[in-house]
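Using the working numbering, the letters of the sequence shown correspond one by one to residues 139 to 484. Backbone N, C-alpha and C fix where the C-beta goes; we use that ideal spot for every residue, glycine too. Since we're looking at a predicted model, the values are computed, not measured.
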Amino acid sequence: MLVDSAIKTIVDRQYDIANGTINSLPLPKHKKYTICNLRGGIGKSTLSFNLTYLANKILAVDTCPQGNLSYFFDDNYFTSNVNVRDMILPYIVPGLGRATRIAHRISATNHFFTNESFYVPSDEQLYLLPAQMTTAVNQTSGLPSPQREQALESILLSLKNEIDRELAELELETCLIDTSPFFSGATHLAWHATDALIVPVRTDQQSINSLNLIFKVLSDPASEFRRHLPSDFPTPKIQMVVLTHCGWSTVRNARNIPNQQTVIYLKMLKDLVSRNISHFTTDDPDNHIALLDDFLGSGRISSALSKPIQLLEAGDTMRINRVKVSVNDSVAKCKKQLEFISNSIW
């Protein structure tokens, strides 16, 4: 079966991933990643949940007010006394005391986790953070230049400073930040807190458009991200784009060849990454694109049980809303894809 030369390297790699003969992409390793795309429903929280399970000594931080990642870790997370908003707010509202030891051990509330993993829960009041940040930033405008830059830096690096403190206090090695589909507020701070970005992109045009919007936000001097930045502030690079909800050919002996819809969006994605390669951590576009199956029944069961994909087995079943849902054989390939992504970032 012929494969377009533009995506041949990426497609050929799927055989090696499925067979376990390739371990990772040749990428620089970082300590802190932010998973983001300025669109909802593409698998950010699901990817964050499963990558957290595959890591050890990790801090997962949920900055999305919807709290999907927090729910995976603890279905009563919203009863927590302290959360990610408590980390940020003292830097924005003068006079508030700063909380410490905010992170929770995941294994205390999700028995599928047995390693040294912690998380910082979300808060629905994060919806208010963009307005609070705008007010705080505007209040710095009347300050003399050195003081203004110091005040801005305190706001913009608030989440970074608090995450670094938690990592040091808990002696953790890595961090993964889940974000909302909106740039303003906590997502903005997450970009300053991270070493690199991981961008899930679904096989649809809206997701491709959202990735293009990320490139614009990162590069446009007038964007909300850049217009308040002191001149020496770094801009995060993108480590990986994960094309989610991929489908595969049903032709005999072509089970690792993408189907026509996936090929269309993979070619569009490769072209977009190639044209914006300066935003990535290497100069080879093929290094930065990973494919991830549509989880189908596996994903529904994983979400319903807050159980990582790695622990599911083909044939597992359960009833969800009175409908029987099954894990099919493709879960084995999903596991290897997730392991490949994890090995490529840590």
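Secondary structure within the segment 263-314: the alpha helix (DSSP H) runs of 4 or more consecutive residues, fully enclosed, are 267-277, 283-294, 296-308 (chain order). By the 16-neighbour rule on beta-carbons within 10 angstroms, His383 is buried.
Secondary-structure assignment with DSSP links His242 through a beta bridge to Tyr257. Of the residues assessed, Ile352 falls on the buried side of the cut-off, its CB having 16 or more other CB atoms within 10 angstroms. Per DSSP, Gln448 is not a residue of any beta strand (DSSP E), being assigned neither H nor E. Look at Asp358 here: in three-state DSSP terms it is coil, with no helix or strand label. Annotation: the continuous alpha helix (DSSP H) that includes Leu207 extends over 206-211.
Taking one beta carbon from each stretch, the segment 316-327 and the segment 178-197 have 3 or more pairs nearer than 8 angstroms; the two touch.
For Pro368, the closest alpha carbon among the candidates Phe418, Asp422, Gln285, Gln475 is that of Gln285. No Cβ-Cβ contact shorter than 8 angstroms links His426 with Phe433.
Note on geometry: alpha-carbon atoms of Pro164 and Ser482 lie some 7 angstroms from one another. Within its own chain, the residues whose Cβ lies closer than 6 angstroms to the Cβ of Ser387, once the five positions on either side in sequence are excluded, are Ile395, Asn397, listed in chain order.
Residue state for Thr332 is assigned as coil, using DSSP reduced to three classes.
Two segments are said to touch when three or more pairs of C-beta atoms, one from each, lie closer than 8 angstroms; by this definition the segment 317-335 does not touch the segment 144-164. For Cys472, there is no enclosing beta strand (DSSP E); the residue is found in the alpha helix (DSSP H) stretching over 469-483.
If you draw a straight line from the Cα of Leu349 to the Cα of Trp329, it is about 15 angstroms long.
Residue environment: Ser283 is assigned as exposed (fewer than 16 neighbouring CB atoms within 10 Å of its CB, all protein chains considered). The Cβ neighbour count for Gln344, taken over all protein chains shown within 10 Å, is under 16; the residue is labelled exposed. If you look at Ala144, you'll find it isn't in any alpha helix (DSSP H); DSSP assigns it neither H nor E.
Here the alpha carbons of Lys182 and Arg438 stand approximately 15 angstroms from one another.
In the structure shown, the three-state DSSP call for Ala198 is strand. The Cβ atoms of Asp212 and Asn253 lie no closer than 8 angstroms to each other. Within its own chain, the residues whose Cβ lies closer than 7 angstroms to the Cβ of Ala289, once the five positions on either side in sequence are excluded, are Thr278, Leu281, listed in chain order. With contacts defined by Cβ atoms closer than 8 angstroms, Lys405 and Ala156 do not form a contacting pair.
In the DSSP assignment, Ser218 falls outside any alpha helix (DSSP H) and carries neither an H nor an E. Between the C-alpha atoms of Pro232 and Arg365 there is a straight-line separation of about 23 angstroms. Between Asp261 and Asn221, the C-beta gap is smaller than 8 angstroms, which places the two residues in contact. Close CB contacts of Ser440 within its chain, under the 6 angstroms cut and outside five residues either way in sequence, are with Ile447 (chain order).
Take the alpha-carbon of Ile196 and the one of Met225: they are about 18 angstroms apart. The beta carbon of Gln399 lies closer than 7 angstroms to those of Thr341, Gly385 in the same chain, with the five residues before and after it left out.
Residue state for Asp224 is assigned as helix, using DSSP reduced to three classes.
Relative to Pro374, the option among His168, Arg457, Gly158, Asn214 whose CA is nearest is His168.
Collapsing the DSSP output to three states places Lys167 in coil. Under a 10 Å Cβ-count criterion, Pro259 is classified as buried, with 16 or more other Cβ atoms of the shown protein chains found around its own Cβ. The beta carbon of Arg236 sits closer than 7 angstroms to those of Pro228, all from its chain and outside the five residues before and after it, given in chain order. Secondary structure of Ala452 (DSSP, three-state): coil.
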